[in-house]
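Beneath this line is the structure, given in structure tokens, with notes to follow.
Residue numbers (our numbering): 2 to 327.
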């Protein structure tokens, strides 16, 4: 800190040294006694050292005040030390203007976020009415047309559920509730939900019981498994889908079109759809993005392994529940 102060006052120190040299030169030209020169020099040096020490003490206090503010900064101009000169006053005024602009932008962003959340909530509530009406109409539809219409209605319900999940996940609150759950019970619920889709696509499902007990939120874990099943069904036209355990990981494996190697590292980024998404114009990439976010919040890990034309393996890795309680 002392060296920093010296550097900040280097111009003044050099000027004082030059003044002292000028006085010494003039005293020597007029052949004044050496004792007078030394005495005057010592008095000036003592006075300069006192002024220098006083200035250093004030400068150090200001630096410590700013350091404390830096450690507890909350995007506010409050608490800044009083400016000592016009330049500092202008700098602090600039900081206050930036702070006010930041507060204005934050308030506008919060308003837009609340408005968007209210809109999505209203939209999701209103769309439930036509969905319920479509269910009633389907009950009066011929069996021949009923299967295809039921499948499309199921997709609509899934997309509505995804929007609501996105809203809850990106919101300020959280409804995560971690408990020990039997993994097989969660998987069976997801499989029952998608049973009709398996029948319509004539794809076999091989579910091997895992026997695992995991610490998770049943509702959000089911959301992730459903997204993996949805993707497997979407991109698999022949072969089948397997669900099994691999250590403490749940694997959802399909024999679909697979994923390009260059797309694997980016799958799960917001809005990224990859080569498959460019071919399927309706793909948004939102399902995998939400699945990764949910796994992160639950303490799980989602991994994808794939080879184009040979299918995809999606793995949800769970922590050892015993180690969590040790």
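Beta carbons: idealized from backbone N, C-alpha and C, even for Gly. Just so we're clear, the structure is a prediction, and the values are computed from it rather than from any experiment.
The beta carbons of residue 305 and residue 315 sit about 6 Å from each other, so the pair counts as a contact at 8 Å. In the pairwise beta carbon analysis, the segment 249 to 262 is classified as touching the segment 292 to 310: at least three pairs are separated by under 8 Å.
For the 8 Å CB-CB criterion, residue 157 and residue 209 do not form a contact. Sorting 213, 202 and 199 by C-alpha distance to the C-alpha of residue 184 places 213 at the top.
In chain order, 177, 178, 179 and 299 place their CB closer than 7 Å to the CB of residue 218, counting only its own chain and leaving out the 5 sequence neighbours on each side.
By the C-beta density criterion, residue 136 is exposed, having fewer than 16 other C-beta atoms within 10 angstroms. Residue 162 is not a Cβ neighbour of residue 204, given a cutoff of 8 Å. By a beta-carbon distance limit of 8 Å, residue 191 contacts residue 230. Their separation comes to about 6 Å. Residue 166 is not a Cβ neighbour of residue 303, given a cutoff of 8 Å.
Taking 8 Å as the cut-off, the beta carbon of residue 269 is found closer than this to the beta carbon of residue 289. For residue 307, DSSP records a beta bridge to 313. Around the beta carbon of residue 197, fewer than 16 other beta carbons sit within 10 angstroms, so the residue counts as exposed.
Residue 215 places its beta carbon 8 Å or farther from that of residue 189. Under the 10 Å beta carbon count, residue 66 is surrounded by fewer than 16 other beta carbons and is classified as exposed.
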